Amino acid sequence: MSSPRVPLRRALADLPPYVPGARVPVGAAAFKLSSNENPYPPLPSVVSAIADGAVDVNRYPDMYATELTEAIARSLGVDPSTVVAGCGSVAVLGHVLSAVCEPGDEVVLPWRSFEAYPIAISLAGGVGVPVPLADGGRLDLPAMAAAVTDRTKVVLVCTPNNPTGPAVRAAELAAFLDSVPEDVLVVLDEAYVEFVRDPEAADALAAFAGSRRVVVLRTFSKAYGLAGLRVGFAVAPPRLAAGIRAASTPFGVSHLAQLAALASLRSERELMVRVEAIVAERTRLLAGLRAQGWVVPESQANFVWLDLADRTSACASEAARAGVLVRPFAGDGMRVSVGEPEATDLFLQIAARWR
Ligand SMILES: *Cc1c(COP(=O)(O)O)cnc(C)c1O
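The sequence shown begins at 1081 in our numbering and counts up by one.
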């Protein structure tokens, strides 16, 4: 006779899996272009900040990452009460959603977009309402606004959009905010903002300053190269910020992560030189692909999207055999992070064979 079993939450059965980017096997010579990481190792000043902090790890960290949130607030020109740090901006998004969603509330999201969104929405008890992208891998903000009903609690706006790359324009965002009711939370996920060079791109912090329902998400994982330490943050109106803090995992940002993020802010200028190099490499990768005849979205992030449809998985496997790990979305397309110049050269050779 089988004994009764503890049932799992029904929402878990329907969760799409989060597929991490492929990792480089130990000892293999390969370029890891599968997770939008920064290809540069941490700056020596950041490594020493982490090493210096190691002696204190028997203590809990500062729960509210006070020094870090103050430094972030200063660098963005916002009040510290509006900054909430967390264990990566993915965790912060989960806290934002659990701070506002009642069971069954709808969350409008673009699709295809960041694969963590459907998971975070379901875990918060929400119901995702995906809205297909427009041409060129762009968010269709008019369609997203039209998908808002009186059941909608949140709209997620990913700009630049992972995995396609384009950024929302200022005029599009302004029209969108005008057409969505004031009691709907609008989350602007700017994980890649440091790589944006489109002069018409929306200014999320300006939208935040002019509204009581805009939350901006940022991260130290991409441009700042701290993906392995897990630190991101929200900028939110004070009442919402307090709600997000209340919904957060206590001590979610480790002491080492706080020190590394602070050291990175102190070395911001040096880090932005690296970002500029990645942007230049993106320009070269996009131009190389277009010269081969590929139609690629106008990426403003540290990755590009190739619409390979049914050939996606086969191409990704061949790239892996050639030493380039990419992120395939089977049957749809492939996201290729911008990495070392040698990686660009190698990937362009592979892409040429699949044209
Ligand atoms: C990488 C990424 C994040 C940030 O992830 P962390 O948890 O901060 O590492 C957030 N949003 C999008 C769209 C991303 O691609």
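All residues carry an ideal CB built from backbone N, CA and C; glycine is no exception.
As the structure is a computational prediction, the values presented were derived from the model and not from experiment.
Nearest residue (CA-CA) to residue i, options the options
{"i": "tyrosine 1140", "options": "Ala1314, Ala1227, Gln1338", "result": "Gln1338"}
{"i": "proline 1121", "options": "Ala1431, Ala1303, Arg1370, Leu1320", "result": "Ala1303"}
{"i": "leucine 1253", "options": "Ala1394, Asp1263, Ala1431, Glu1280", "result": "Glu1280"}
{"i": "aspartate 1215", "options": "Arg1415, Asp1425, Val1375", "result": "Val1375"}
{"i": "alanine 1129", "options": "Ala1179, Phe1300, Arg1346", "result": "Arg1346"}
{"i": "valine 1126", "options": "Leu1309, Val1099, Cys1395, Ala1357", "result": "Leu1309"}
{"i": "glycine 1034", "options": "Arg1391, Asp1387, Trp1385, Ala1423", "result": "Only positions 1081 to 1435 of the chain appear in the structure, and residue 1034 is not among them; the question remains open."}
{"i": "alanine 1316", "options": "Asp1136, Val1187, Leu1156", "result": "Leu1156"}
{"i": "leucine 1095", "options": "Ile1201, Pro1087, Asp1185", "result": "Ile1201"}
{"i": "glutamate 1454", "options": "Pro1160, Asn1138, Val1137", "result": "With the chain covering 1081 to 1435 only, the question about residue 1454 has no answer from this structure."}
{"i": "proline 1212", "options": "Ile1430, Thr1244, Ala1410, Leu1386", "result": "Thr1244"}
{"i": "alanine 1357", "options": "Ala1381, Gly1373, Arg1370", "result": "Ala1381"}
{"i": "aspartate 1278", "options": "Leu1428, Thr1363, Arg1325, Leu1177", "result": "Thr1363"}
{"i": "tyrosine 1272", "options": "Leu1428, Val1248, Ala1289", "result": "Val1248"}
{"i": "glycine 1419", "options": "Val1276, Asp1230, Pro1119", "result": "Pro1119"}
{"i": "leucine 1386", "options": "Val1295, Asp1412, Asp1258", "result": "Asp1412"}
{"i": "arginine 1292", "options": "Arg1089, Glu1274, Asp1263", "result": "Asp1263"}
{"i": "threonine 1239", "options": "Ala1410, Leu1388, Val1295", "result": "Val1295"}
{"i": "arginine 1231", "options": "Val1187, Val1276, Gln1429", "result": "Val1187"}
{"i": "valine 1235", "options": "Val1207, Ala1151, Ala1251", "result": "Val1207"}
{"i": "leucine 1320", "options": "Asp1132, Ala1432, Phe1288, Ala1093", "result": "Phe1288"}
{"i": "threonine 1392", "options": "Leu1219, Gln1372, Ile1430", "result": "Ile1430"}
{"i": "glycine 1168", "options": "Leu1297, Arg1089, Ser1417, Thr1149", "result": "Leu1297"}
{"i": "leucine 1221", "options": "Tyr1197, Ala1196, Ile1199, Ala1255", "result": "Ala1255"}
Identified DSSP bridge partners for residue i
{"i": "alanine 1281", "result": "Arg1249"}
{"i": "threonine 1232", "result": "Glu1186"}
{"i": "tryptophan 1385", "result": "Arg1415"}
{"i": "phenylalanine 1409", "result": "Gly1413"}
{"i": "cysteine 1238", "result": "Asp1269"}
{"i": "valine 1127", "result": "Answer is none; valine 1127 lacks a bridge partner."}
{"i": "phenylalanine 1445", "result": "This structure cannot speak to residue 1445, because the chain is shown only from 1081 to 1435."}
Close-in-space but distant-in-sequence residues of the same chain around residue i (CB under 7 Å, 5 per side omitted)
{"i": "proline 1421", "result": "Glu1361"}
{"i": "phenylalanine 1331", "result": "Tyr1140, Pro1141, Met1143"}
{"i": "leucine 1366", "result": "Val1376, Ser1379, Val1384"}
{"i": "glycine 1166", "result": "Val1172, His1175, Gly1312, Phe1313, Ser1328, Gly1332, Val1333"}
{"i": "phenylalanine 1300", "result": "Leu1306, Val1311, Gly1312, Ala1341, Ser1344"}
{"i": "proline 1210", "result": "Leu1189, Trp1191"}
{"i": "leucine 1426", "result": "Phe1111, Ala1402, Gly1403, Val1404"}
Spatial neighbours of residue i in its chain, beta-carbon cut-off 8 Å, leaving aside the 5 residues before and after
{"i": "leucine 1405", "result": "Gly1101, Ala1102, Arg1103, Val1104, Ala1110, Phe1111, Lys1112, Leu1113, Ser1114, Ala1399"}
{"i": "glutamate 1348", "result": "Ser1155"}
{"i": "alanine 1091", "result": "Ser1202, Leu1203, Gly1205"}
Nonlocal neighbours in the same chain, by C-beta distance under 6 Å from residue i, ignoring five residues either side
{"i": "glutamate 1117", "result": "Ala1307"}
{"i": "glutamate 1378", "result": "Pro1246"}
{"i": "tryptophan 1434", "result": "Cys1395"}
{"i": "valine 1180", "result": "Lys1233, Leu1265"}
{"i": "glycine 1205", "result": "Cys1181, Pro1183"}
{"i": "asparagine 1242", "result": "Phe1194"}
{"i": "valine 1260", "result": "Ala1225, Val1228"}
{"i": "glycine 1133", "result": "His1335, Leu1336, Leu1339"}
{"i": "serine 1274", "result": "For clarity, residue 1274 is glutamate in the given sequence; the question names serine instead. If we look at glutamate 1274 and ignore the five residues flanking it on each side, its Cβ neighbours are Ala1303, Val1355."}
Chain B within 9 Å of residue i, Cβ atoms only
{"i": "serine 1125", "result": "Looking at the structure shown, chain B is missing, and only one protein chain is on hand."}
### Query
Between the stretch 1283-1302 and the stretch 1265-1273, are three or more C-beta pairs nearer than 8 Å?
yes
#### Entry: Every unbroken alpha helix (DSSP H) within the stretch 1145-1228, with a cutoff of 4 residues, ordered by chain
1146-1156, 1169-1180, 1196-1203, 1221-1226
### Task
Decide yes or no for the touch test of the stretch 1210-1226 against the stretch 1173-1183: beta carbon pairs closer than 8 Å, at least 3 of them.
no
### Query
Can you list the beta strand (DSSP E) stretches of 3 or more residues lying completely in the stretch 1272-1337, in chain order?
1294-1299, 1312-1315
### Task
Evaluate the contact criterion for the stretch 1191-1202 versus the stretch 1350-1365: three or more CB pairs, one atom per stretch, below 8 Å.
no
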